[in-house]
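Residue numbers (full-length UniProt numbering): 1 to 1043. Input: a single structure, listed below in structure tokens.
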């Protein structure tokens, strides 16, 4: 360094030192002036001497250098915005609770809780709010002078929280009360008017004081608010080594992308992407036709779907099937029956110009409108089509429908079959004399839009004539769910939601339902007891109605109360019924067994006491069997099949089965040689298996007796015969009716079947004639397979539990192996049952509600045995390992499995053949079912542990005794960590619901409500299956030894 540079540096240092001395002198002069004024104020008489303290608070400049005023104000604004954001998030979370009014009715309490939580996490713990921390500010105690910052005392922070949190809440509630008293309709009382005036005056005084305090803050830079000034708490930077530079790089990127998007929005309409895409598509199709050397039969022009039957809309079929080649399409038709089904039939037929091929009006008009006048290529014949017109096909007008402006349109090959007069009378409809009735419509007056293509579970809904007895449409009374359905908000399937709302809008009121059932005359008033019985028993559990079920599931507390806590309470009450108990018999030495003696105390695999056999049989086991029969009956109700003989009826048949289920174990108990069988749970479980299989066997025998397995009850049309084996095997497409007395005598000559004439079947070189089985009978066989798998799962679960109990104790690794071995077993059985049931028409059983119920059955079966495992976990580490694995798999794997990439990979591997909308719907349904299963099983587990440990049946259920001091299992550990596990599961469920709602715009709760609304029979069936599975858990751990 040169000498001149060193001299200049010394001069700069001296100048800075001189400037600091000048500033210090000025500060000392100001402080002396302030102290002089304060001393003068202190000399005043007593009432006015207190102004000295106020003057010190206003003009004080002690302490460190004040922070930036802008930073302090920004910190307050950031804190207010944070409260508003949290309030909005909580409002979105509570939107569907209590009819959507919860966030409005409890707005002040929600803000109180948020402010209290923020105060505890910020000022109380870290002496700074989130906004102040972002501005590098912390609260300090201004009463203590000095260069070192001192944090505020607990008294200061307590007063700050009391005023800023509780005070604001109390003031808001006070103002709300005054507003309620002065509603504008009546003159308020003098007391209320006086309180209002004083409140207004206090508000004015506070506002003036706050304004004066803020002006002083702008002058001196300390005490941002009036509360800070009173408590002598001010914001100061804890350190000066913080960079306050602001990066504007993100603004540059935003400007670049904004300019690029504006450029694309300007250029793309000029390029005409759709026109170029259509030109490339036509060029590609023409190239394929040139390369394809196969000649078209008959020399005509053939399109991509020219081989489809006339009644099938080629556009509908193309939208619902991913197959492209003819072989793939025919294979798909043979397996699923899509071709010619209701999902692809032509609705409101229009024909193309000039080729005349028939399509749905909505499909054809949508395609033509999409092409913007360029035209489309006909999928049947390959012609270029630009226009369409109404189809001028056959018009069928049944007798009795001449009046009115409606006409019935049908294809010529559909005018076959129908019902005879007997069947029509049984169905409650008036039969057509010669031909069946088809859908009716008035051309140009369609008011319903086409259902969304992402609704594969319900298929294509057809326009059907309203029943003659239906009245005028009334407004729906569905509340929140009605609005959600109408708007399609948050639902995977908007199409069926609108149909639900429309159907429920036409539903009868409660009085009309009771009157229609014959329990109320037209001029009578129904009794309150009958109303309650009809509303809460008949309409919910016996014959569920959509309107009644909708009202129950629309509210979250009633929905989860019925689906979660009601089965749990029933199961706990069932196992808590006190058994008549007797001491164990004496041992070989003549002494009574002493539970305290080692080696003689019965273990957890044996009984501690003897119980009364008759009490167990008629009370305990009788209710268990009754629940199993109710579950099987509800499954058949969902399948729309009565399993009991018509001549006996349901009450007589189920009573006979119940008596038989209780009568068979009696000889086993009375015979000494077979009495040992009654002490084994496996024997009772096996007999319950047989009892539950009886309705299935009875239904099978009924179908066999009615010859439902050997033929059709109605004749087939030529189009229908194409897709059955009768076309190429030469079999007749009609069979003799089961009600004919003599098989060798034909029926009435005027029957519709006899009048049918058929062309000669085509000769085929078939070596063996195959017997055609009706689809309904095959569906029933698949249902039997699903029921058998479900019952087998229960037996396997019992064997799994016995194996685990006999090999106690276990370490963490063995526990994880046991749990996830059971998880894999249950999920494999669940996947097999789901494949058997299916969710679409033509997929074996093809019943979505049945797949819903069986999914709940397997999910709850898996959860119940895992809950029973919790009673034998020895350390907190085992609880933590299981919970981490369970919650992580739920929160991470569930959203990943709902992505299009995962669905595409499943389709490529051949593991899934559904559309993405259908797949997403099923995954959402599974999340809702898992939530029900987890909460119901955990509530039952905790309640049963408490009831059985402290109740009269402690010795009957030694699994929950926890009375051996040397064992590592104890009640406190089980209850404490089970409750924590339940809380973690609730948090994980809320998190995964939020992720699904954020990522896929799907509301899990709304989808569950929609399922229960579409199929009201799901509600009683779910309660029955949950109660049955929870009883299975309790039955598997009871230890029996009869007196």
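Note that beta-carbon positions come from the ideal geometry of N, C-alpha and C, so glycine has one too.
- The residues 629, 691 and 694, in chain order, have a CB closer than 7 Å to that of residue 657 in the same chain once the five nearest residues on each side in sequence are set aside.
- For residue 355, no beta strand (DSSP E) run applies, since DSSP gives it neither H nor E.
- Per the C-alpha coordinates, the member of 360, 356, 988 and 1010 positioned closest to residue 344 is 360.
- Nearest to residue 877 by C-alpha distance, out of 973, 922 and 859, is 973.
- Nearest to residue 547 by alpha-carbon distance, out of 536, 556 and 557, is 536.
- Residue 611 is positioned such that its CB atom lies closer than 9 Å to that of residue 956.
- Contact between residue 199 and residue 178 holds: CB atoms are separated by about 6 Å, below the 8 Å threshold.
- Rounded to whole angstroms, the Cβ separation of residue 552 and residue 558 is 5 Å, and the two are in contact under 8 Å.
- The beta carbons of residue 678 and residue 909 sit no closer together than 9 Å.
- Contact annotation: residue 111 and residue 160 have beta-carbon atoms that are not nearer than 9 Å.
- Three or more beta-carbon pairs separated by less than 8 Å are not found between the segment 824 to 835 and the segment 994 to 1010, which leaves the two stretches without contact.
- DSSP lists no beta-bridge partner residue for residue 258.
- The C-alpha of residue 664 lies about 30 Å from the C-alpha of residue 541.
- Note on residue 937: 16 or more other CB atoms within 10 angstroms of its CB, so buried under the neighbour-count rule.
- The residues 226 and 229, in chain order, have a CB closer than 6 Å to that of residue 213 in the same chain once the five nearest residues on each side in sequence are set aside.
- Beta-bridge partners of residue 666 (DSSP): none assigned.
- Of the other Cβ atoms in all chains shown, fewer than 16 fall within 10 Å of the Cβ of residue 158; this residue is therefore exposed.
- Under the DSSP assignment, residue 971 falls outside any beta strand (DSSP E), being part of the alpha helix (DSSP H) whose first and last residues are 971 to 1000.
- Residue pairing of residue 390 in beta bridges, as defined by DSSP: 350.
- Inter-residue distance for residue 311 and residue 1018 is about 35 Å (C-alpha atoms, whole angstroms).
- The beta carbons of residue 822 and residue 866 sit closer together than 9 Å.
- For residue 141, the uninterrupted beta strand (DSSP E) segment begins and ends at 138 to 141.
- Beta-bridge partners of residue 1042 (DSSP): 611.
- When only Cα atoms are considered, residue 1022 and residue 704 end up about 30 Å apart.
- Straight-line spacing of the CA atoms in residue 278 and residue 371 works out to 8 Å.
- A Cβ-Cβ contact shorter than 9 Å links residue 363 with residue 315.
- In this structure, DSSP gives residue 20 a helical state, which the three-state scheme calls helix.
- Using a Cβ distance threshold of 9 Å, residue 135 and residue 93 do not count as a contacting pair.
- Secondary structure of residue 530 (DSSP, three-state): helix.
- Bounds of the alpha helix (DSSP H) holding residue 897 are 894 to 897.
- Put simply, of 793, 216, 659 and 942 the residue whose alpha carbon is nearest the alpha carbon of residue 855 is 793.
- As DSSP reads the structure, residue 385 sits in a beta bridge with 376.
- 88 is the residue among 118, 88 and 115 whose C-alpha sits nearest the C-alpha of residue 104.
- Per DSSP, reduced to three states, the secondary structure at residue 224 is coil, with no helix or strand assignment.
- Taking the CA atoms as reference points, residue 385 sits about 10 Å from residue 356.
- CA-to-CA, the gap between residue 27 and residue 79 works out to about 33 Å.
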